[in-house]
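Data block below; observations after.
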Amino acid sequence: MTFAVEIRHSQGDFRIEADFTSEGGVTALFGRSGSGKTSVLRIVGGLVRPDHGRIIVGDQVLLDTSKGICLPPHRRGLGYVFQEPRLFPHLTVRQNLNYGQWFAGSRSSFADPEKIIAILGLEALLPRRPGSLSGGEKQRVAIGRALLASPRILLMDEPLSALDEARKAEILPYIERLRDELNLPILYVSHSVSEVARLADRVVAMADGRVTGIGNASEILGIQTVATGRESGSVLEGLVRLQGEDPDLAAIALRGCRLFVPRGDLHEGQKLRVHIPAREVLLATSEPHGISALNVLKGEIRSMTGSDGGAVDIALRCGEEVLRARITGLSAKRMDLMVGQSIHAIIKTVALDPSGRAR
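Taking UniProt numbering, I'd label the letters of the sequence shown as residues 1 to 359.
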């Protein structure tokens, strides 16, 4: 299902201008805190009426200010997952989920309740009350409740921001399953590079209330991290290949090269994205020997750009992939680096952990 958003709105001195479309999957609104991401989500959800706007989900017009159309939140058929779970403490998990089904009304469900429960791994939690659940478990229940309302689109407002790193790593695979197994558009707000890199099919970058770029995660994150002062890096996608040599490692088959990552709960043939911070990439002008790093990729320097603090951002072509590195200007000068030069990129395996955990 496609959706289109066109918004013009002023909040005091802050002006929001957003215009984007999506063909489905996960569309991430990405940017720093205060960039306008949540404001856009609230307008889509019907919590704020904009000065001017048009929002269409499938063939349903939710908002068209030029025609005086502005459906209230309960008639938009949207699922909303907030930063906090907002569960009913006196109800069991099953009863909280049933509350979501009650809001589905006459809309036919795109997935039966038991399937949603299975995808989110809620079976063992059904008789429990929210007070006995971990933060990650509560958020999974909140997502299930939103899904069982049979929404046309799922809105997720930084759903992992209140969780610690371990709980984030626990819940990310469940959101991936929703993306891969349900034909449901998701509009996902986040300022986390690792979350967006792992989940998003399309990224809408925002700054100061305006859209600054739209594209896939690899294109946008590489550009926007440099432009906004965030840590630059690369987003690579490939298929998991399990290794017999070391049961604790898996390989990601990329275009013309491969990377080793911790195996965790990965399975053969799984599609996987990884975010590699530019600071985790070391460069060598000759093939290194006698080092512990497993990931050494041969490539060619495609571009070199100066950045703040005297650092140099370098884009490398490794196979058919683009890998970004950030080194000091002094290192670049001493190595006499130049565009077109052959180079070896050294990546610490731990930096490739696809779980999104902080280092």
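Each residue gets a CB set at the ideal place from its N, CA and C atoms; glycine is no exception.
For ASN183, the three-state secondary structure derived from DSSP is coil. Put simply, the region 43 to 51 does not touch the region 124 to 136. Fewer than three CB pairs are less than 8 Å apart. Taking a C-beta distance under 8 Å as the contact criterion, PHE88 and TYR80 do not qualify as a contact pair. Minimum Cα-Cα distance from TYR188 among the listed residues ARG279, GLY31, ILE56, PHE260 corresponds to GLY31. GLN139 and GLU195 have their C-alpha atoms some 16 Å from each other. Setting aside the 5 residues that flank it on each side, CYS318 is surrounded in the same chain by CYS257, LEU297, GLY299, each with a C-beta closer than 6 Å to its C-beta; the list follows chain order. Of all alpha-carbon atoms in SER161, VAL203, LYS115, the one lying nearest the alpha-carbon of LEU148 is that of LYS115. Contact fails between the region 282 to 289 and the region 238 to 255, because fewer than three Cβ pairs, one in each stretch, are under 8 Å apart.
Under a 10 Å Cβ-count criterion, LEU172 is classified as buried, with 16 or more other Cβ atoms of the shown protein chains found around its own Cβ. Per DSSP, reduced to three states, the secondary structure at ALA149 is coil, with no helix or strand assignment. If one requires a minimum length of 4 residues, the alpha helix (DSSP H) runs lying completely within the UniProt domain "Mop" (290 to 356) are 329 to 334, in chain order. With fewer than 16 other Cβ atoms from the protein chains shown falling within 10 Å of its own Cβ, THR2 counts as exposed. As summarised for the region 18 to 52, the continuous beta strand (DSSP E) elements at least 3 residues long and confined to that stretch are 26 to 30, given in chain order. The alpha-carbon of LEU97 is positioned some 7 Å away from that of VAL141.
For the 8 Å CB-CB criterion, LEU283 and ALA325 form a contact.
Taking every protein chain shown into account, the CB of ARG54 has 16 or more other CB atoms within 10 angstroms, so this residue is buried.
Taking 8 Å as the cut-off, the Cβ atoms of LEU178 and ILE119 count as close.
Distance from the CA atom of GLY213 to the CA atom of GLU237, rounded to whole angstroms, is 20 Å. By DSSP's assignment, ARG241 forms a beta bridge with ALA251. Ranked by how close their Cα comes to the Cα of LEU242, the residues GLU321, PHE260, VAL57 have PHE260 in first place. Bridge pairing for GLN270: absent [DSSP].
Sequence-distant Cβ neighbours of CYS70 in its own chain, meaning closer than 7 Å and more than five residues away, are ARG49, LEU63. Check the Cα spacing between GLU137 and each of ASP112, PRO113, MET304, GLU84: the tightest is with GLU84.
Counting along the chain, the unbroken alpha helix (DSSP H) around SER194 starts and ends at 193 to 199.
The continuous alpha helix (DSSP H) containing ALA118 extends over residues 113 to 119.
Under DSSP, CYS257 takes part in no beta bridge, so it has no partner. Cα atoms of ARG263 and GLU165: separation of roughly 18 Å, rounded to the nearest angstrom.
With respect to the 8 Å criterion, VAL235 and ARG273 are classified as neighbours on the basis of their beta carbons. For LEU323, the number of other beta carbons within 10 angstroms of its own is at least 16, and it is reported as buried.
Apart from the 5 residues on each side of it in sequence, ASP265 sits with its Cβ closer than 8 Å to the Cβ of PRO173 in its chain, given in chain order.
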